[in-house]
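Colleague: Read in the UniProt record's numbering, the sequence shown has 130 at position 130, and its numbers run on one by one without any break.
Please see the structure below; I have some questions.
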Amino acid sequence: MMSSMLVRRQLLQGRALRRWALQSRYRFHSGSNAKVREPPLKGWNSSKASNKVLAYGAGGTVLAASFALLFTGRKGSDIEDDARDRRALSGVPLTKLISGWVAFAFCSSPTWVDMSESLYSGISKIPILSSIAHAFIMRTFFNQFLGGETTPECIPKIEALRQEEIGTLLGYNIEAELDGSSKDTQLIRDQTEHVLSSIETQGQLARKFWPESKTAGTGGDNRCWVRIKVTGLLPNPVALYHGSNAILDAREKRGLDSDVPYPGLPHDGDWEAALTGVHDKDREELNHLREILEKIATKARQNNVRIVIDAEQSWYQPVIDSLTDELMQKYNSLDGPATCIASFQAYLRRYPQLLDQQIKRADEKGYKLLFKQVRGAYMITEAARWKREGRTGPGPVWSTIEETHASYNYGIQRAISAIAEQVKRDGKSRISMVLATHNAPSTELAIRMLEQHGLARHAGDGERLVLSSEAAGSLAFAQLYGMKDDLTNRVTGTVTAEGGFPLVVKSMSYGELKECLPFLARRATENKAVLEGRGGAAAERVRLGREIRRRLIPFSS
């Protein structure tokens with residue numbers, strides 16, 4: 001009797017979900033109150049009504065099945081139900097919660113993660129199934145993890161985040177060809193234009209959210225940033241590899257970095273060593289890359305938008321370090337708004353020495369040091385490359401996760417101590433740190449450090465810490481858009497800044513589905529351990545499922 005009642009309830013829920021899918025066909029919710037009309041999906045043939053019915057029928061069936069699982073599977077009761085996160089979730093539309101739950105349900109399975117890219121590649125070649133897959137993916141994975149296919153489509157989501165005092169790091173999905181093939185030069189031009197368009201969009205939004213009259217109190221920052229992936233801006237990254245080897249050879253001849261793990265530290269003369277140590281074709285590509293980066297940085301400074309230059313594989317990093325170092329010296333001068341944010345990887349064994357050197361170097365050369373600290377995303381490929389090249393001794397990456405955590409936490413303590421010292425001595429800081437992490441203990445450590453150094457205090461009877469105006473532009477937390485929103489909500493519920501200045505930034509990617517899905521699949525594969533681990537996709541699914549049950553079955557909680 002009970003089983004028949006359960007089946008009947010699941011069937012009714014399935015019908016309700018299918019009605020919801022049809023009713024929300026051209027709409028997605030980007031914020032707590034905002035509703036935006038979604039443009040028709042590209043590649044969807046409006047004349048084929050039967051395909052539409054099939055697509056939404058199949059999508060509704062999948063959602064119905066998932067919805068049934070939502071109420072029958074209650075594993076994960078040990079996942080923390082944080083009050084700050086619960087308050088934030090209460091304003092998220094039900095449709096967004098459900099689509100996010102479905103996306104994380106799939107991400108929770110290592111099997112689905114492993115086969116996702118090849119499966120989509122196969123299905124996309126079958127006309128009817130392609131339409132079904134496109135509709136399903138756009139309303140689940142795409143809507144959960146990406147801002148849109150174009151910058152205008154990202155704007156409603158950026159605005160919704162800003163209403164919650166959250167900034168954005170906008171980035172078009174560009175990267176190197178993994179098979180070693182070269183990109184067409186027109187594609188490079190198109191990708192460069194996407195970056196410039198992102199800067200224009202963020203510049204317009206910055207003037208709306210945080211006009212220049214306010215930036216003086218936040219170190220020139222407005223928390224409207226753009227991300228750059230260097231390997232996506234030249235035809236073939238082999239030029240970076242050859243240039244990096246030339247830099248390492250030149251350093252060895254000069255007796256530099258003998259006690260620094262691979263790939264060493266940036267030094268004066270590195271860029272010249274890269275150009276003189278490669279063949280003409282590589283030199284031409286490297287010079288063109290620098291021209292592109294100069295064009296991007298100039299555009300960014302004109303719009304008062306900060307650009308984050310992503311760190312990549314260690315065998316490309318000497319050239320990327322060199323370019324970033326020279327751009328910071330030029331565009332982060334003390335007499336104007338700083339533009340360039342470097343990226344440092346804490347999983348590299350060189351990191352403690354790199355950070356110490358960079359703080360000292362910026363002080364001596366008179367520019368603002370802006371950097372994003374990440375743990376690192378290429379651990380598997382780093383180890384494989386080191387072994388394949390027959391190198392001996394420890395590789396570039398720490399051998400244990402505990403060492404990586406210690407390296408990351410050293411960066412937090414070292415940077416915040418330096419920021420506090422500069423604020424105490426000069427009334428402001430020339431360092432700005434972005435803690436890009438999904439790790440709660442590291443985030444909590446940073447907040448404790450802010451309070452211990454007097455950079456954040458409780459104001460009156462308020463629950464939240466308030467960051468001092470002198471340090472407001474010197475620290476930000478960052479997470480990926482659509483992931484670890486619980487950590488984001490805990491940060492915004494714990495610490496704030498005057499005037500609603502964002503202390504958290506979401507890294508939001510955008511681009512056409514055919515470009516973004518392989519990108520997401522590769523990132524998921526590289527970070528599978530994170531998705532599987534505590535606080536990964538399974539935990540995300542649990543927290544969203546808990547909120548859905550609160551809405552639909554209030555007494556269940």
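Where is the CB? At the ideal position from N, CA and C, for every residue including glycine.
Just confirm the distance between the C-beta atoms of Gln-317 and Ser-244, as a whole number of angstroms; I'd bet it's less than 8 Å.
Modeller: For the purposes of this step, residue 317 is taken as residue 317 along the sequence shown, with counting starting at 1. For the purposes of this step, residue 244 is taken as residue 244 along the sequence shown, with counting starting at 1. Contact between Gln-317 and Ser-244 holds, with the beta-carbon distance rounding to 7 Å and staying under 8 Å.
Colleague: Going along the chain, which unbroken runs of the beta strand (DSSP E) with 3 or more residues stay wholly within the stretch 474-524?
Modeller: 475-480, 495-497, 504-510
Colleague: Would the stretch 426-433 count as touching the stretch 359-370 if we require 3 or more Cβ pairs under 8 Å?
Modeller: yes
Colleague: Tell me the residue span of the beta strand (DSSP E) that contains Ala-459.
Modeller: The sequence position of residue 459 within the sequence shown is 459, counting from 1. Ala-459 -> no beta strand (DSSP E), and no H or E assigned at all.
Colleague: Would a C-beta distance cut-off of 8 Å place Gly-232 and Ile-174 closer than the cut-off?
Modeller: Translated into the one-based positions of the sequence shown, residue 232 becomes position 232. Translated into the one-based positions of the sequence shown, residue 174 becomes position 174. Their beta carbons are under 8 Å apart, which means Gly-232 touches Ile-174 by this criterion.
Colleague: For Phe-371, which beta-bridge partners are listed by DSSP?
Modeller: For the purposes of this step, residue 371 is taken as residue 371 along the sequence shown, with counting starting at 1. Phe-371 is bridged to Ala-342, Met-433.
Colleague: For Ala-446 versus Val-374, is the C-beta spacing smaller than 8 Å?
Modeller: Counting from 1 along the sequence shown, the entry for residue 446 is found at position 446. Counting from 1 along the sequence shown, the entry for residue 374 is found at position 374. For Ala-446 and Val-374, no; Cβs fall outside 8 Å.
Colleague: May I ask you to report which of helix, strand or coil DSSP gives Gly-57?
Modeller: The residue labelled residue 57 in the question sits at position 57 within the sequence shown. For Gly-57, the predicted structure reports a pLDDT of 48, less than 50, and the residue's modelled location is therefore unreliable. A value from the coordinates is still provided. Three-state result, Gly-57: helix.
Colleague: If we call anything under 8 Å between Cβ atoms a contact, is Leu-327 one with Ala-297?
Modeller: As a working note, residue 327 is residue 327 in the sequence shown. As a working note, residue 297 is residue 297 in the sequence shown. Yes. Within cutoff.
Colleague: Count the other CB atoms within 10 Å of the CB of Arg-543; is the residue buried (16 or more) or exposed (fewer)?
Modeller: As a first step, residue 543 must be located in the sequence shown, where it is residue number 543. Buried, by the Cβ-count rule.
Colleague: Pull up the distance between the alpha-carbon of Leu-129 and that of Leu-119, whole angstroms please.
Modeller: Here residue 129 refers to the residue found at position 129 of the sequence shown. Here residue 119 refers to the residue found at position 119 of the sequence shown. Approximately 11 Å between the Cα atoms of the pair.
Colleague: In terms of residues, what are the limits of the alpha helix (DSSP H) holding Arg-251?
Modeller: Counting from one through the sequence shown, the residue named residue 251 turns up at place 251. That run of the alpha helix (DSSP H) goes 238-254.
Colleague: Would you kindly work out how many angstroms separate the C-alpha atoms of Glu-250 and Ala-273, rounded to a whole number?
Modeller: The count along the sequence shown starts at 1 and reaches residue 250 at position 250. The count along the sequence shown starts at 1 and reaches residue 273 at position 273. Strictly speaking, residue 250 in this sequence is Ala, with Glu absent from that position. Cα to Cα, the separation comes out at about 6 Å.
Colleague: Closest to Ala-537 by CA distance: which of Asp-82, Leu-94, Ser-109, Ala-83 is it?
Modeller: Working through the sequence shown from its first residue, we reach residue 537 at position 537. For the residues Asp-82, Leu-94, Ser-109, Ala-83, the minimum Cα distance to Ala-537 belongs to Ser-109.
Colleague: With a 10 Å radius around its C-beta and 16 neighbouring C-beta atoms as the bar for buried, classify Gly-482 as buried or exposed.
Modeller: Against the sequence shown, residue 482 aligns to sequence position 482. Buried.
Colleague: Evaluate Ile-309 with the Cβ neighbour count: other Cβ atoms within 10 Å of its Cβ, from every protein chain shown; 16 or more gives buried, anything less gives exposed.
Modeller: Numbered from its first residue, the sequence shown carries residue 309 at position 309. Note on Ile-309: 16 or more other CB atoms within 10 angstroms of its CB, so buried under the neighbour-count rule.
Colleague: In the DSSP assignment, find the unbroken alpha helix (DSSP H) run with Gly-203 in it and report its ends.
Modeller: Taking the first residue of the sequence shown as 1, we reach residue 203 at position 203. Taken as a continuous stretch (DSSP letters only), the alpha helix (DSSP H) holding Gly-203 covers 185-209.
Colleague: Pull up the distance between the alpha-carbon of Glu-284 and that of Arg-189, whole angstroms please.
Modeller: The sequence position of residue 284 within the sequence shown is 284, counting from 1. The sequence position of residue 189 within the sequence shown is 189, counting from 1. Glu-284 and Arg-189: Cα-Cα distance of roughly 16 Å.
Colleague: Just reading off the beta strand (DSSP E) that Thr-168 is part of, what are its end residues?
Modeller: On the sequence shown, residue 168 is found 168 positions in, with the first residue counted as 1. Segment 166-172, the beta strand (DSSP E) holding Thr-168.
Colleague: Which residues in the same chain as Ala-49 place their Cβ atom closer than 8 Å to its Cβ, once the five residues preceding and following it in sequence are excluded?
Modeller: Counting from one through the sequence shown, the residue named residue 49 turns up at place 49. With a pLDDT of only 48 at Ala-49, under the threshold of 50, the placement of this residue in the model should not be trusted; the figure read from the coordinates follows. Closer than 8 Å at the Cβ level, and outside the excluded window around Ala-49, lies no residue.
Colleague: For Ala-246 and Pro-237, I'd like the C-alpha separation in whole angstroms.
Modeller: As a working mapping, residue 246 is identified with position 246 in the sequence shown. As a working mapping, residue 237 is identified with position 237 in the sequence shown. Approximately 14 Å, taken between the alpha carbons.
Colleague: Are Thr-494 and Arg-464 closer than 8 Å when you measure CB to CB?
Modeller: Indexing the sequence shown from 1 puts residue 494 at position 494. Indexing the sequence shown from 1 puts residue 464 at position 464. Yes.
Colleague: Quick check: Gln-144 and Ser-99, are their CB atoms within less than 8 Å of each other?
Modeller: Here residue 144 corresponds to residue number 144 of the sequence shown, with the count starting at 1. Here residue 99 corresponds to residue number 99 of the sequence shown, with the count starting at 1. Yes.
Colleague: Of all the options Gly-171, Ala-471, Lys-253, Ala-440, which has the alpha carbon lying nearest to the alpha carbon of Gln-422?
Modeller: Here residue 422 refers to the residue found at position 422 of the sequence shown. Measuring from the Cα of Gln-422, the nearest candidate turns out to be Ala-471.
Colleague: I'd like to confirm the pairing. Which residues does DSSP put opposite Cys-224 in its beta bridges?
Modeller: Looking up residue 224 in the sequence shown gives position 224. DSSP output for Cys-224 lists Thr-168 as bridge partner(s).
Colleague: Kindly indicate which three-state DSSP category Val-230 falls into: helix, strand or coil?
Modeller: By 1-based counting over the sequence shown, the position of residue 230 is 230. Reduced to three states, the DSSP call for Val-230 is helix.
Colleague: Over what stretch of residues does the beta strand (DSSP E) that includes Val-308 continue unbroken?
Modeller: Translated into positions along the sequence shown, residue 308 becomes position 308. Start and end: 306-309.
Colleague: Quick one: using the 10 Å Cβ neighbour count with 16 as the cut-off for buried, is Lys-229 buried or exposed?
Modeller: As a working mapping, residue 229 is identified with position 229 in the sequence shown. Classification of Lys-229: buried, given that the 10 Å Cβ count is 16 or more.
Colleague: Roughly how far, in whole angstroms, is the beta-carbon of Gln-345 from the beta-carbon of Tyr-351, given that I think they are within contact range, below 8 Å?
Modeller: Here the question's residue 345 lines up with position 345 in the sequence shown. Here the question's residue 351 lines up with position 351 in the sequence shown. Right, their Cβ atoms sit about 7 Å apart.
Colleague: Quick check on this structure: which residue in Thr-404, Lys-157, Glu-149 has the alpha carbon closest to the alpha carbon of Tyr-172?
Modeller: Within the sequence shown, numbered from 1, the residue matching residue 172 stands at position 172. Answer by Cα proximity: Glu-149.
Colleague: When burial is assigned at 16 or more other CB atoms within 10 Å of the CB, is His-194 buried or exposed?
Modeller: On the sequence shown, residue 194 is found 194 positions in, with the first residue counted as 1. It is buried - the Cβ of His-194 has at least 16 other Cβ atoms within 10 Å.
Colleague: Val-397 to Gly-460, Cα distance in whole Å?
Modeller: Along the sequence shown, one-based indexing puts residue 397 at 397. Along the sequence shown, one-based indexing puts residue 460 at 460. So the two alpha carbons sit approximately 45 Å from each other.
Colleague: How is Val-319 classed by DSSP in three states: helix, strand or coil?
Modeller: As a working note, residue 319 is residue 319 in the sequence shown. It is helical.
Colleague: Out of Met-138, Glu-515, Lys-125, Arg-223, point me to the one whose CA is closest to residue 622's CA.
Modeller: Not covered by the structure: residue 622. The range shown for the chain is 1 to 557.
Colleague: Report the residue from Ala-377, Thr-381, Leu-354 whose alpha carbon sits nearest the alpha carbon of Phe-371.
Modeller: In the sequence shown, counting from the first residue as 1, residue 371 sits at position 371. Leu-354 is the residue among Ala-377, Thr-381, Leu-354 whose C-alpha sits nearest the C-alpha of Phe-371.
Colleague: Report the start-end ranges of each beta strand (DSSP E) in the stretch 397-424 that is 3 residues or longer and not cut off at the edges.
Modeller: none
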